[in-house]
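Q: I'd like to ask you about the structure that follows.
Chains as they are written, first to last, in this note's numbering: chain A, 159 to 744; chain B, 8 to 190.
Below, the structure is given as structure tokens:
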């Protein structure tokens, strides 16, 4: 099981990369690659944030900002969605957290294929560069909506139908190559490079979440690849995979017989697992944050693992609930509504287990814990509106309204981002050796948490009022009452404030990385392996001369009779704190 | 291929090969997912009224034979012969394309042809990717790595046979029957 990169002490200086370039640029060290992934994702995420604020300016104060015309508005919507879902969240959870945490948490010296890992980052960076380049091509980026539905995505009338859509598809294909190279690494590392004693059912839930999400990514991204390649062929080479025969701008198109519905099936066969590619790492990380900061073993560790696996499996059989309004056989609708509601069962198990972990715990309201608690609440609320929308008869009237915008922003926008923030506050001391500033952290937390509620809560109401999504402006529609306009202005003001406070977070990152308070090697008194490295931040090869040996799970907190309220995973067996046994099978 | 920042010593070659082997299995699962989705799309698209079956050129039987031979050679540990067969396969596929072009079967003509060109091209890329790995194995041809080459080659053959069967047997009529489309 153990995959050992040999390190003799006298070889150490010989092997560790020395020059600035090999150390920080063409680096094959998973920790550096993780930071590269993280910084790129945060940078492109800030672009997505600015785009959302521009959209809000138009919606809150229509006509006041003349440069946000309808065409630009749709381009902003599209780029915002794509950036946030793929280039920020997916990249940050798998490329960032996955890269940093997997080898450290399973006791490996690095990923098993470091060179491939480096390539993965550079392909990701290339995909981001290509994506951003679409702002500068003739006609600007595509405005087809982040789902890129054909036929409109490549027809005149949609912004960026000429160059923007091509650049977007190329960028996505490059991203998929990057994600696959990374994903093969994460999966193989978990399977092959765990240190002695690190059984699969001793891995921290962060690793389980990232591992399962990676498997989902490896199986689901091909669907996006297939649809992207076929749409590129339709656009560039004139095939008719998705393009039906139609009249566009008075001209009969050269396409015939293609099936737009086929694209939707392929897109959502990727798109729904994508939700869990983002959510499962968040579930895992938040489980660890709650356990560490409540000083209690995670409640029902094994059910947590099985719930993650079950959610991952179910996520492949619910995709058509995104297509209820596209029309389908009623039996299919029934099937997909049922499978969608079934996902609520393992998800509810997780929420209950988090609550039961908190129950009578020694809860420390540190900044990471605040984010973790906020995640639980946000995910619960976003998940509940998902139960509404999972029912065909409720979905059809609500699907085109702001209710859906509110739902998916709560459940897969705000909730995972809260975990991203919590995770960064939690592991920043390990990554940099310094603490993030606590006061700025609290400011960031409270404004983000309360602000996102002030933004998205009213949207549920606006949606029930019938306010349609995807509209450039809401003036001159009689069915939209004046109160909705007031709400829109309010949401915009809050969105600007929440946007601004993210800059405080970025400032905190930069300032603390160089000037922050020096961190203790294990500032949160956590039991998992990444806090047991001989150096902080960990050196090349992570573990010094000898690999760690693990004797228990990662949740030995507040063990009765133990001298401290946690027992590290690599402490000798006699210190106790072993994982509970289940029917003698453990 | 030295994919590690740290040079590997001989005793760790076994662990290294276990990792490579697991990584290869995972990669083949990804490729399976990719082509399964393509084939699903193929069936759905071919069920539409504008699809017409295309005649498979005889050259494909040559390429099938060459690829089978390559698989056998790899299994017997003959790295060079196996690689040469894979290159021969690509040449045979190219001649099949030429034959189709000569018969006026164009990429945009009808969905069966579009899928044929697209999927054979992607399978060709899959073969070419295998040849890159093969060239790397030539630098250090351990039995374990040759066995991984053989596994990759068997997979190439299996995938090609599945594609060939799909092109030959899943005609528009069959696709319509699968999708329940009334003619």
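No residue lacks a Cβ here, since even glycine has one placed at the ideal position from N, Cα and C.
Note that the structure is a prediction, hence the values are computed from the model and not measured.
Just to make sure I have the definition right: I need the residues of chain A whose C-beta is within less than 9 Å of the C-beta of residue 51 (chain B). Which are they?
A: Indexing the second chain from 1 puts residue 51 (chain B) at position 44. Those are 417, 419, 420 and 423, listed as they occur along chain A.
Q: Please decide whether residue 171 (chain B) counts as near chain A, where near means a Cβ-Cβ distance under 8 Å.
A: Counting from 1 along the second chain, the entry for residue 171 (chain B) is found at position 164. So no, residue 171 (chain B) is outside the interface.
Q: Helix, strand or coil for residue 592 (chain A), going by three-state DSSP, please let me know.
A: Within the first chain, residue 592 (chain A) is the residue found at index 434, counting from 1. DSSP places residue 592 (chain A) in strand when its eight states are reduced to three.
Q: If we count Cβ pairs, one from each stretch, closer than 8 Å, do we get three or more for the stretch 590 to 597 of chain A versus the stretch 539 to 546 of chain A?
A: With the cut-off at 8 Å, the stretch 590 to 597 of chain A and the stretch 539 to 546 of chain A do not touch.
Q: Leaving out five residues on either side along the sequence, give the residues of the same chain with a beta carbon under 7 Å from the beta carbon of residue 537 (chain A).
A: By one-based count along the first chain, residue 537 (chain A) stands at place 379. If we look at residue 537 (chain A) and ignore the five residues flanking it on each side, its Cβ neighbours are 569 and 573.
Q: Residues of chain B with a CB under 9 Å from the CB of residue 381 (chain A): which are they?
A: For the purposes of this step, residue 381 (chain A) is taken as the residue at position 223 of the first chain. Result: 40, 41 and 44.
Q: Where residue 567 (chain A) and residue 620 (chain A) are concerned, what is the direct C-alpha to C-alpha distance, given to the nearest angstrom?
A: In the first chain, the residue the question calls residue 567 (chain A) occupies position 409. In the first chain, the residue the question calls residue 620 (chain A) occupies position 462. C-alpha separation (whole angstroms): 14 Å.
Q: Under the three-state reduction of DSSP, which class applies to residue 282 (chain A): helix, strand or coil?
A: Counting from 1 along the first chain, the entry for residue 282 (chain A) is found at position 124. Here residue 282 (chain A) sits in helix by DSSP.
Q: So, at 7 Å on beta carbons, what are the nonlocal neighbours of residue 95 (chain B) in its own chain, with the 5 sequence-adjacent residues on each side left out?
A: Reading the second chain from its first residue, position 88 is the one you call residue 95 (chain B). Taken in chain order, the residues that qualify are 73.
Q: Taking Cβ-Cβ distances shorter than 9 Å, what residues in chain A pair up with residue 165 (chain B)?
A: If you number the second chain from 1, residue 165 (chain B) lands on position 158. Within 9 Å Cβ-Cβ: nothing; residue 165 (chain B) doesn't reach chain A, min ~17 Å.
Q: Using DSSP bridges, identify the partner residues of residue 676 (chain A).
A: Position 518 of the first chain, counted from the first residue, corresponds to residue 676 (chain A). DSSP output for residue 676 (chain A) lists A:592 as bridge partner(s).
Q: Taking a cut of 9 Å between CB atoms, which residues from the stretch 335 to 357 of chain A lie near chain B?
A: Cβ contacts with chain B: 338, 341, 342, 343, 345, 346, 347, 349, 350 and 351.
Q: Spell out whether any CB of chain A is found under 8 Å from the CB atom of residue 34 (chain B).
A: For the purposes of this step, residue 34 (chain B) is identified with residue 27 of the second chain, where counting begins at 1. Taking Cβ atoms only, chain A reaches closer than 8 Å to residue 34 (chain B), which makes this a yes.
Q: When you check each C-beta in the stretch 356 to 377 of chain A against every C-beta of chain B, which residues fall closer than 8 Å?
A: Cβ contacts with chain B: 376 and 377.
Q: Does residue 350 (chain A) pass the burial test, meaning 16 or more other C-beta atoms within 10 Å, or should it be called exposed?
A: Start at 1 with the first residue of the first chain, and residue 350 (chain A) comes out as number 192. Buried is the call here.
Q: Can you give me the Cβ contacts of residue 321 (chain A) inside the same chain, cut-off strictly under 6 Å, excluding the 5 residues immediately before and after it?
A: In the first chain, residue 321 (chain A) corresponds to position 163, counting from 1. Excluding residues within five positions, the ones whose Cβ falls inside 6 Å are 295, 296 and 297.
Q: For the stretch 600 to 655 of chain A, which segments carrying the alpha helix (DSSP H) assignment without a break, of at least 4 residues, lie completely within its bounds, in sequence order?
A: None, since the stretch 600 to 655 of chain A contains no complete alpha helix (DSSP H) of that length.
Q: Closer than 8 Å by C-beta to residue 188 (chain A): which residues in its own chain qualify, once you throw out the five before and the five after it? Chain order, please.
A: For the purposes of this step, residue 188 (chain A) is taken as residue 30 along the first chain, with counting starting at 1. Closer than 8 Å at Cβ, skipping near neighbours: 257, 258, 260, 261, 268, 269, 272 and 275.
Q: Let's see if you can read the secondary structure: which residues bound the alpha helix (DSSP H) around residue 126 (chain B)?
A: Taking the second chain and counting its residues from 1, one reaches residue 126 (chain B) at position 119. It spans 118 to 146 - the alpha helix (DSSP H) in which residue 126 (chain B) sits, taken as one unbroken run.
Q: Tell me the residue span of the alpha helix (DSSP H) that contains residue 431 (chain A).
A: Locating residue 431 (chain A) in the first chain gives position 273, where the first residue counts as 1. Unbroken alpha helix (DSSP H) run through residue 431 (chain A): 418 to 451.
Q: So does the stretch 102 to 119 of chain B actually touch the stretch 59 to 70 of chain B, counting three or more Cβ pairs closer than 8 Å?
A: Taking 8 Å as the limit for Cβ pairs, the verdict is that the stretch 59 to 70 of chain B does touch the stretch 102 to 119 of chain B.
Q: Helix, strand or coil, according to DSSP, for residue 730 (chain A) in the structure here?
A: Taking the first chain and counting its residues from 1, one reaches residue 730 (chain A) at position 572. It is coil, neither helix nor strand.
Q: In whole angstroms, what is the alpha-carbon distance linking residue 75 (chain B) and residue 115 (chain B)?
A: Translated into the one-based positions of the second chain, residue 75 (chain B) becomes position 68. Translated into the one-based positions of the second chain, residue 115 (chain B) becomes position 108. Approximately 31 Å between the Cα atoms of the pair.
Q: Please specify which runs of the beta strand (DSSP E), each continuous and at least 3 residues long, are wholly inside the stretch 526 to 589 of chain A, giving them in chain order.
A: The qualifying runs do not exist here; there are none.
Q: Nearest by alpha-carbon distance to residue 327 (chain A): which of A:464, A:292 and A:597 is it?
A: In the first chain, counting from the first residue as 1, residue 327 (chain A) sits at position 169. If we check each option's Cα against that of residue 327 (chain A), A:292 comes out closest.
Q: Mapping the DSSP letters down to three states, classify residue 184 (chain B) as helix, strand or coil.
A: Looking up residue 184 (chain B) in the second chain gives position 177. Reduced to three states, the DSSP call for residue 184 (chain B) is helix.
Q: Please classify residue 353 (chain A) as buried or exposed, where buried requires at least 16 other C-beta atoms within 10 Å of its C-beta.
A: Residue 353 (chain A) sits at position 195 when you count from the first residue of the first chain. Flag for residue 353 (chain A) reads buried.
Q: May I ask you to report which of helix, strand or coil DSSP gives residue 177 (chain A)?
A: Here residue 177 (chain A) refers to the residue found at position 19 when the first chain is read from its first residue. Coil, per DSSP.
Q: Is the stretch 413 to 423 of chain A touching the stretch 395 to 403 of chain A, taking contact as three or more C-beta pairs under 8 Å?
A: Segments in contact, yes.
Q: Does residue 6 (chain B) come within less than 8 Å of chain A when only Cβ atoms are used?
A: Within the shown structure, residues of chain B are numbered from 8 to 190, placing residue 6 (chain B) beyond reach of any answer.
Q: Relative to the alpha-carbon of residue 539 (chain A), which residue among A:556, A:502, A:552 and A:553 has its alpha-carbon at the smallest distance?
A: As a working mapping, residue 539 (chain A) is identified with position 381 in the first chain. Taking only the C-alpha atoms, the option nearest residue 539 (chain A) is A:502.
Q: Per DSSP, which residues does residue 715 (chain A) bridge with? Please list them.
A: Within the first chain, residue 715 (chain A) is the residue found at index 557, counting from 1. DSSP, once it has assigned bridges, lists A:724 as partnering residue 715 (chain A).
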